[in-house]
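Numbering (my numbering), first residue to last: 1083 to 1170.
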């Protein structure tokens, strides 16, 4: 089972004063710089919420399968729309 940790830590000498660090055990899975500890903490909360919403089927507003803005998903794509005429 995966055991993950996520922290916002000081980043002395880095491009920003803090960085977000996500680890699985000792292995760093990802990290990115942030201006403040509060900003990093909020990004972590948002990341987890977004992942939960995606897995539960909520937040599908960007999902193309459910995007019905006048598009006919069953319509053929490309090619001519002119009917073929068979001359006998």
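All C-beta atoms in this analysis are idealised placements derived from N, C-alpha and C, irrespective of residue type, glycine included. Source: prediction; values computed, not measured.
For residue 1102, count neighbouring Cβ atoms within 10 angstroms of its own Cβ and tell me buried if that reaches 16, exposed if not. buried
Which class does residue 1120 belong to by DSSP, given the choice of helix, strand or coil? Here DSSP, grouped into helix, strand and coil, assigns residue 1120 to helix.
Around the Cβ of residue 1085, are there at least 16 other Cβ atoms within 10 angstroms (buried) or fewer (exposed)? exposed
Could you compute how far the alpha carbon of residue 1099 sits from the alpha carbon of residue 1091? Looking at the two C-alpha atoms, the distance is approximately 9 angstroms.
Selection from 1113, 1106, 1138, 1108 that minimises the alpha carbon distance to residue 1096: 1113
May I have the straight-line CA-CA distance separating residue 1124 from residue 1107, to the nearest angstrom? Straight-line spacing of the CA atoms in residue 1124 and residue 1107 works out to 22 angstroms.
If you check the beta carbons only, do residue 1130 and residue 1122 fall under 8 angstroms apart? no
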